[in-house]
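**Q** I'd like to ask some things about the structure below.
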Amino acid sequence: MTTLAIEIGGTKLQVALIEENDFLRKSVSSRIDRTEGAEGIRRCLLKEIATLGPLAADWRVGIGFGGPVNRHNGTVSTSHHVDGWDGFPLASWLSQALDGRSVIVENDANCAAIAEASAGAGRGSKFVLYSNSGSGIGAGFVVDGRLYHGRSGEMELGHLRMFQGDTILEDHASGWSIDRAVVSAIEDQPQGVLAKLADAEMISDATLLTAAIEQDDPVALSILQRAALAYALGISHAVHLLNPDTIVLGGGVSHIGEPWRKAVEMYLETFIMTAFHPLPRVVLAQLGEWVVPIGAARVALQRAIS
642 MTTLAIEIGG TKLQVALIEE NDFLRKSVSS RIDRTEGAEG IRRCLLKEIA TLGPLAADWR
702 VGIGFGGPVN RHNGTVSTSH HVDGWDGFPL ASWLSQALDG RSVIVENDAN CAAIAEASAG
762 AGRGSKFVLY SNSGSGIGAG FVVDGRLYHG RSGEMELGHL RMFQGDTILE DHASGWSIDR
822 AVVSAIEDQP QGVLAKLADA EMISDATLLT AAIEQDDPVA LSILQRAALA YALGISHAVH
882 LLNPDTIVLG GGVSHIGEPW RKAVEMYLET FIMTAFHPLP RVVLAQLGEW VVPIGAARVA
942 LQRAIS
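Each position in the sequence shown, counted from 1, maps to that position plus 641 in this note's numbering.
Printed below as a string of structure tokens:
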């Protein structure tokens with residue numbers, strides 16, 4: 642059975658036709674223009690769906706949305722990135738646009754969590770905690786192949802308060818907070834490694850930071866360590882509450898690779914009580930850029946047969 646699987650994220654819009662074996666038959670992706678707001682994103686979504694050709698009547702539709710949603714009625718609670726989504730009935734709107742097809746809406750981190758737990762880095766584990774750090778920080782928890790939703794539907798790990806202050810985890814360990822630290826370092830040290838890489842037309846994100854880390858740049862390593870410390874502290878709270886056997890690190894920041902994974906794992910060991918040792922496995926996500934649509938397809942399938 643085919644699913645029309647959609648990701649509406651903070652920076653990208655992705656649409657794919659996905660088979661039950663997670664095979665992407667067709668796909669299309671574009672960057673989100675936040676200045677056009679939610680209405681512009683919806684127009685772009687309909688155009689992308691049209692490029693995939695005619696839809697069969699029995700195809701499911703699953704959406705992974707970048708923000709809190711009401712999974713029961715498919716309404717968006719809010720978006721932390723794009724204006725115009727608050728209270729929007731996403732499932733009913735798209736169902737009407739697609740001639741009455743059934744549409745399910747799930748938080749994007751939940752979609753990524755079920756995908757990685759079922760077919761990615763967490764495969765074979767019973768209790769999988771997934772967290773993504775990128776335009777924001779999200780998380781999802783999977784038990785025996787099923788998402789744990791709690792009362793309202795998703796985990797907002799990035800909104801944990803940090804260090805008894807007014808800041809939240811996203812202020813310290815998200816992609817945009819790391820970008821901010823990189824830009825500040827370039828301004829402070831215009832002759833430094835990061836500045837030279839920026840002059841070489843690399844962008845100030847995880848890609849630039851990774852290149853500087855590979856050169857053992859102490860400034861880049863310091864940025865990495867500070868972000869990893871904060872991230873590990875946030876994850877440690879989830880570990881103490883949920884006691885997972887596997888932790889999957891996803892999102893754009895995870896593209897830094899092993900330096901990121903090792904740093905997070907190192908700090909986790911210091912934050913987690915000894916009764917919880919040995920640590921859960923800490924692994925990098927495996928499914929790449931299409932993890933959310935793959936998960937949205939899985940959620941749609943589970944809802945259809947439940």
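Idealized CB from N, CA, C, for every residue including glycine.
Would residue 647 pass as an interface residue toward chain D - the criterion being a Cβ-Cβ separation below 8 angstroms?
**A** Absence of chain D from the displayed structure is noted, only one protein chain being present.
**Q** Is the region 794 to 802 touching the region 822 to 840 in the sense that three or more CB pairs, one from each, lie closer than 8 angstroms?
**A** As far as the Cβ criterion goes, the region 822 to 840 does not touch the region 794 to 802, which means the pair count is below three.
**Q** Beta carbon of residue 932, beta carbon of residue 926: below 8 angstroms?
**A** Yes; because the gap between Cβ atoms is below 8 angstroms, this pair is in contact.
**Q** What did DSSP end up calling residue 664 once you bin it into helix, strand or coil?
**A** DSSP places residue 664 in coil when its eight states are reduced to three.
**Q** Thinking C-alpha only, which one of 728, 892, 719 and 698 is nearest residue 743?
**A** When only C-alpha atoms are compared, the closest one is 698.
**Q** Pairing CB atoms from the region 770 to 781 with CB atoms from the region 650 to 659, are three or more of them under 8 angstroms?
**A** With the cut-off at 8 angstroms, the region 770 to 781 and the region 650 to 659 touch.
**Q** What first and last residue would you give for the beta strand (DSSP E) that runs through residue 948?
**A** Because residue 948 is not part of the residues shown, which for the chain are 642 to 947, the question remains open.
**Q** Answer with buried or exposed for residue 714, where buried requires no fewer than 16 other C-beta atoms within 10 angstroms of its C-beta.
**A** Result: exposed.
**Q** Tell me the rounded alpha-carbon separation between residue 845 and residue 832.
**A** Confidence at residue 845 is low in this model, with a pLDDT of 49, below 50, so the placement of that residue is unreliable and no value is reported for it.
**Q** On the DSSP letters alone, give me the boundaries of the beta strand (DSSP E) that residue 889 sits inside.
**A** Its beta strand (DSSP E) spans residues 887 to 891.
**Q** Counting Cβ pairs, one atom from each stretch, are 3 or more of them under 8 angstroms apart for the region 885 to 902 and the region 722 to 737?
**A** Because the criterion of three Cβ pairs below 8 angstroms is not met, the region 885 to 902 and the region 722 to 737 do not touch.
**Q** From which residue to which residue does the beta strand (DSSP E) around residue 657 run?
**A** Segment 653 to 659, the beta strand (DSSP E) holding residue 657.
**Q** Around the Cβ of residue 687, are there at least 16 other Cβ atoms within 10 angstroms (buried) or fewer (exposed)?
**A** Label assigned to residue 687: exposed.
**Q** Contact defined as beta carbons within less than 8 angstroms: I believe residue 693 pairs with residue 731. What is the distance between those atoms, to the nearest angstrom?
**A** Contact flag wrong, Cβ pair sits at about 19 angstroms.
**Q** My output table needs one value for residue 742: the three-state DSSP class, helix, strand or coil.
**A** The answer is coil: DSSP assigns residue 742 none of H, G, I, E or B.
**Q** Could you have a look at residue 646 and say whether DSSP puts it in helix, strand or coil?
**A** Residue state, collapsed to three classes: strand.
**Q** I'd like to confirm the pairing. Which residues does DSSP put opposite residue 770 in its beta bridges?
**A** Paired residues: 782 and 888.
**Q** Assuming residue 922 is part of the alpha helix (DSSP H), what are its boundary residues?
**A** Not the alpha helix (DSSP H): residue 922 falls in the beta strand (DSSP E), residues 922 to 925.
**Q** Can you give, in chain order, each stretch of the alpha helix (DSSP H) that sits fully within the region 678 to 762 and has at least 4 residues?
**A** Counting whole runs of 4 or more residues, the region 678 to 762 contains the alpha helix (DSSP H) stretches 678 to 692, 731 to 738 and 749 to 760.
**Q** Assess, as a yes-or-no matter, whether the region 742 to 760 is touched by the region 706 to 720 under the definition of 3 or more beta carbon pairs within less than 8 angstroms.
**A** Enough Cβ pairs lie closer than 8 angstroms, so yes.
**Q** Assign residue 913 to one of two classes, buried (16 or more other C-beta atoms within 10 Å of its C-beta) or exposed (fewer than that).
**A** Residue 913 comes out buried.
**Q** Going by the beta-carbon positions, is the gap between residue 810 and residue 763 smaller than 8 angstroms?
**A** Contact: no.
**Q** Applying the criterion that 16 or more other CB atoms from any shown protein chain within 10 Å of the CB defines a buried residue, is residue 853 buried or exposed?
**A** Classification of residue 853: buried, given that the 10 Å Cβ count is 16 or more.
**Q** Where does residue 788 sit, in a helix, a strand or coil, going by DSSP?
**A** Residue 788: strand per DSSP, three-state reduction.
**Q** Nearest-angstrom Cα distance between residue 947 and residue 660?
**A** Computed Cα separation, rounded: 19 angstroms.
**Q** Near residue 716, which residues of its chain fall below 6 angstroms by C-beta distance, leaving aside the five closest residues on each side in sequence?
**A** Excluding residues within five positions, the ones whose Cβ falls inside 6 angstroms are 730.
**Q** Report the CB separation of residue 905 from residue 873 in whole angstroms; it is logged as a contact under 8 angstroms.
**A** That pair is a contact at about 5 angstroms.
**Q** Near residue 786, which residues of its chain fall below 7 angstroms by C-beta distance, leaving aside the five closest residues on each side in sequence?
**A** Excluding sequence neighbours, residue 786 sits near 758 and 759.
**Q** Buried or exposed, going by whether 16 or more other CB atoms sit within 10 Å of the CB of residue 795?
**A** Label assigned to residue 795: buried.
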